[in-house]
Amino acid sequence: MKYENTRKIVLDAILDAVDMGLIHGTSGNIAMRDDKEDVVAITPSGISYKGMTADQIAIVDMNGKWLDGPFKPSSEVPMHTAVMRARKDVKATVHTHGMFATIAAMSGELLPITPPQAEFVPVGIVPFTMPGSNDVADKVVEALGEEGRAVLIKNHGMFCCGKDMKAAMAATIYTEEMAQTTYYAKVAGVYQPMPEEAVKKMKELIAADQAV
Ligand SMILES: [Zn+2]
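Residue -1 is where the sequence shown starts when you use my numbering, and the numbers rise one by one after that.
1) Can you tell me whether glycine 155 sits near ligand 1, meaning its C-beta is under 7 Å from at least one heavy atom of the ligand?
2) Flag histidine 93 as yes when its Cβ comes closer than 7 Å to any non-hydrogen atom of ligand 1, and as no otherwise.
3) From this set, Met(-1), Ala15, Val92, which residue's C-alpha is nearest threonine 51's C-alpha?
4) Let me know the secondary structure DSSP gives threonine 24 once reduced to three states.
5) Verify the contact flag: glutamate 74, CB atom, against every heavy atom of ligand 1, threshold strictly below 7 Å.
6) Could you name the residues of the same chain whose beta carbon sits closer than 7 Å to that of methionine 163, not counting the 5 residues immediately before and after it, in chain order?
7) Is it the case that the region 103 to 115 contacts the region 75 to 83, given that we only count it when at least three CB pairs across the two stretches are under 8 Å?
8) Which residue marks the beginning of the beta strand (DSSP E) containing phenylalanine 211, and which one marks its end?
9) Could you tell me whether the region 186 to 196 touches the region 148 to 164, where touching means 3 or more Cβ pairs closer than 8 Å?
10) On the DSSP letters alone, give me the boundaries of the beta strand (DSSP E) that methionine 93 sits inside.
11) Is DSSP giving isoleucine 55 helix, strand or coil here?
12) Entirely within the region 126 to 192 and at least 3 residues each: give me those beta strand (DSSP E) ranges in chain order.
13) If you drop the 5 nearest sequence neighbours on each side, which residues of the same chain put their C-beta closer than 7 Å to that of phenylalanine 98?
14) Between the region 43 to 58 and the region 116 to 125, can you find at least three pairs of beta-carbon atoms closer than 8 Å?
15) For ligand 2, is there any heavy atom lying closer than 7 Å to the beta carbon of serine 43?
16) Short check: CB of asparagine 132 to CB of proline 193, under 8 Å?
17) With distances taken between CB atoms, is the gap from glycine 26 to histidine 78 smaller than 8 Å?
18) Where serine 43 and valine 134 are concerned, what is the direct C-alpha to C-alpha distance, given to the nearest angstrom?
19) Any heavy atom of ligand 1 within a distance shorter than 7 Å of the CB on serine 25?
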């Protein structure tokens, strides 16, 4: 099998995301750029992830053209490849329809409540655009900017990225957690995001690899 290692990383990540409840049914998709060649391994479209095998993960070029794999690539392939073309530092991308991230997108703002969440702000907000379009891909790229790790897409879900799959999954897990804690704190009437100064300090520690 070509690109076996990259395909296996994508498969393990999507199965983890299903186990963690971040992805339901066939919604959501995950992609990873190959180490050696300019190709991207991405989850296929409309196929149940449970029981999937690595050879069923699709391979596309950097423009999203389907190169290998028995099933056509995710319809959100433009979003994943556009971010990888725009950001040389990004090797892995995760798109989910997490419930709390979707709610947070409607509120128009998401701020960290706990220190580990600080790594992933500012979280950009993408206005609703038709799923799978080049337009939504361009808007995600724009909202991520040069350093962004997570954006919320209105009436759709979220998109996260990282230098490897571990980093992209961490962005996904903590952004959904940020949205969940925010939601419950607001419902309980006790909402207090982290002080801005503390967020800044925390981001400096994370950047210097000194966060515990
Ligand atoms: Zn989607």
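Even for Gly, the Cβ is constructed at its ideal location relative to N, Cα and C.
Predicted model, so just to flag it, every value in this text is computed and none were measured.
Quick answer:
1) Inclusion of glycine 155 in the 7 Å shell around ligand 1 follows from its C-beta lying nearer than that to a non-hydrogen atom of the ligand.
2) yes
3) Met(-1)
4) coil
5) yes
6) Ile7, Ala11, Met30, Ala90
7) no
8) No information on residue 211 is available, as it lies outside the stretch -1 to 210 that the chain covers here.
9) No: the two stretches stay apart, fewer than three of their Cβ pairs being nearer than 8 Å.
10) Looking at the sequence provided, one finds histidine at residue 93 rather than methionine. From DSSP, the beta strand (DSSP E) with histidine 93 extends over 90 to 94.
11) Residue state, collapsed to three classes: coil.
12) Entirely contained in the region 126 to 192, the beta strand (DSSP E) runs reaching 3 residues are, in chain order, 148 to 151, 155 to 160.
13) Glu174, Ala177, Gln178, Tyr181
14) Under the three-pair Cβ rule at 8 Å, the region 116 to 125 does not count as touching the region 43 to 58.
15) Ligand 2 is not part of the structure shown, which contains ligand 1 as its ligands.
16) no
17) In this structure, histidine 78 does not lie closer than 8 Å to glycine 26 by Cβ.
18) 17 Å
19) yes
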